[in-house]
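> In this note's numbering, the protein residues as written are 153 to 359.
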Ligand SMILES: [Fe+2]
Ligand SMILES: [Fe+2]
């Protein structure tokens with residue numbers, strides 16, 4: 153799974169950042185499965201619950217940000233005529249990851265003070281599903297997305313992608329949610345303005 157990025161290990165370019173996110177995600181998934189397994193076997197300690205909470209935070213912030221890197225910086229720069237269904241497939245898989253992470257959060261939030269093996273098994277089942285989904289996804293990106301990026305993107309594209317990724321980590325690039333909310337507000341403003349402009353009653357009373 154590793155080694156598809158020519159062995160870069162610094163955050164010096166977009167490929168290195170993507171690789172480092174993938175490797176960290178795999179480590180976090182290992183942590184999650186280990187901790188969820190301990191709860192499912194009735195051997196949970198506070199450290200296992202802390203580990204699950206940390207991985208959930210990671211999934212909701214860092215992994216979500218990594219997917220924003222791909223959806224907002226990488227995918228829009230790829231020529232859809234040359235990538236076939238790859239981008240659609242990866243985007244749909246991101247949606248599935250978010251759905252599973254949300255389910256995981258719900259199950260974890262409903263844990264009793266001393267979680268039972270049944271509660272643990274339920275968490276482990278979703279964690280295993282998420283693990284399988286992410287690992288297949290990462291393989292697809294390492295095997296197909298990265299070569300496609302190398303083929304299709306210019307040095308300028310890659311430099312802009314890196315800069316957007318770095319800004320996203322400094323909080324300078326709007327996340328997808330903020331962007332969606334911003335777009336919705338802008339669209340509401342446009343609709344309101346449009347209604348005003350086309351509404352004779354309203355325009356009469358404006359003048
Ligand atoms: Fe992805
Ligand atoms: Fe990725």
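C-beta atoms are modelled at their ideal positions from N, C-alpha and C, and glycine is treated no differently. The model shown is predicted, which means the values in this text are computed figures rather than measured ones.
1) In angstroms with no decimal places, state the Cα-to-Cα distance between residue 259 and residue 248.
2) How about residue 241 and residue 227: are their beta carbons less than 8 Å apart?
3) Counting pairs of beta carbons, one from the segment 304-314 and one from the segment 219-236, are three or more of them closer than 8 Å?
4) When the distance is taken between beta carbons, is residue 289 closer than 8 Å to residue 316?
5) Please tell me whether, using a cut-off of 7 Å, the distance from the CB of residue 218 to the nearest non-hydrogen atom of ligand 2 is below it.
6) Let's see if you can read the secondary structure: which residues bound the alpha helix (DSSP H) around residue 315?
7) Considering just the uninterrupted stretch of the alpha helix (DSSP H) at residue 228, what are its terminal residues?
8) So, helix, strand or coil for residue 260, using DSSP?
9) Using only the heavy atoms of ligand 1, determine whether one of them is closer than 7 Å to the beta carbon of residue 242.
10) Whole angstroms is fine: what's the gap from residue 120's alpha carbon to residue 193's?
11) Determine whether the beta carbon atoms of residue 256 and residue 238 lie at a separation below 8 Å.
12) At a threshold of 7 Å, does residue 316 count as lining ligand 2 (C-beta to nearest heavy atom)?
13) Assuming residue 187 contacts residue 203 (C-beta within less than 8 Å), just tell me the rounded distance between them.
14) With hydrogens ignored, establish whether the beta-carbon of residue 246 is closer than 7 Å to any heavy atom of ligand 1.
15) How would you label residue 198, buried or exposed, when you count the other beta carbons within 10 angstroms and need 16 or more for buried?
16) With a cut-off of 8 Å on the beta carbons, I'd call residue 297 and residue 165 a contact; round off their distance for me.
17) Indicate, with yes or no, if ligand 2 has a heavy atom lying under 7 Å from the CB of residue 249.
A quick look at the data gives this:
1) 17 Å
2) no
3) yes
4) no
5) yes
6) 307-321
7) Element bounds for residue 228: n/a, residue is neither H nor E.
8) Reduced to three states, the DSSP call for residue 260 is helix.
9) yes
10) Nothing in the structure corresponds to residue 120, since the chain is present only between 153 and 359.
11) No, they are not a contact pair.
12) no
13) 4 Å
14) yes
15) exposed
16) Incorrect: roughly 15 Å between the Cβ atoms, too far for contact.
17) no
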